[in-house]
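Single-structure report; data block below.
In this note's numbering, the protein residues as written are 1 to 121.
Encoded structure:
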């Protein structure tokens with residue numbers, strides 16, 4: 001890999017446009033040979049659950065489920081904010097491919113071991 005890239009996503013079904021664009025950018029980054037993490041926090045943690053993104057399809061974009069599946073298949077990973085996940089009582093056994101529930105230290109470690117540009121949605 002030729003570097004790292006972080007996409008910080010705080011929106012899920014509450015703003016599917018932001019969620020979709022975040023995964024479009026994440027896919028572009030992973031296709032550019034970057035080690036890419038999408039950090040799901042606050043309402044975005046709901047996207048970590050199987051079936052949640054299935055019906056989301058913003059006009060002009062690929063369906064969100066397809067974007068997420070392609071991202072994971074290309075080696076992209078999703079860090080799911082542990083406190084946000086627990087607050088919403090979500091199911092760790094229902095995580096989508098590429099997702100892992102992590103604490104803040106794991107995100108900090110990823111971002112500080114080398115240069116890590118980021119974008120937020």
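Ideal placement from N, C-alpha and C gives every residue a C-beta, glycine not left out. Model, not experiment: these values are computed from the prediction.
Option nearest residue i by Cα separation, candidates the options
| i | options | result |
| --- | --- | --- |
| residue 105 | 114, 82, 119 and 51 | 82 |
| residue 95 | 77, 117 and 55 | 77 |
Classification of residue i by the beta-carbon crowding that lies within 10 angstroms, buried from 16 upward
| i | result |
| --- | --- |
| residue 46 | buried |
Residue i versus residue j: straight-line alpha-carbon distance, rounded
| i | j | result |
| --- | --- | --- |
| residue 92 | residue 49 | 8 Å |
| residue 22 | residue 34 | 15 Å |
| residue 13 | residue 58 | 11 Å |
| residue 5 | residue 27 | 11 Å |
Enclosing alpha helix (DSSP H) for residue i [first to last residue]
| i | result |
| --- | --- |
| residue 18 | 16-31 |
| residue 67 | 64-73 |
| residue 86 | 82-87 |
Below-7 Å beta-carbon distance, residue i vs any chain B residue
| i | result |
| --- | --- |
| residue 121 | The chain inventory of the structure shown lacks chain B, comprising one protein chain alone. |
Residue interval of the beta strand (DSSP E) (run including residue i)
| i | result |
| --- | --- |
| residue 105 | Element bounds for residue 105: not the beta strand (DSSP E) but the alpha helix (DSSP H), 104-112. |
| residue 53 | That residue, residue 53, is in no beta strand (DSSP E); it is neither H nor E in DSSP. |
Inter-residue CB distance, residue i and residue j (contact presumed, cutoff 8 Å)
| i | j | result |
| --- | --- | --- |
| residue 7 | residue 38 | 5 Å |
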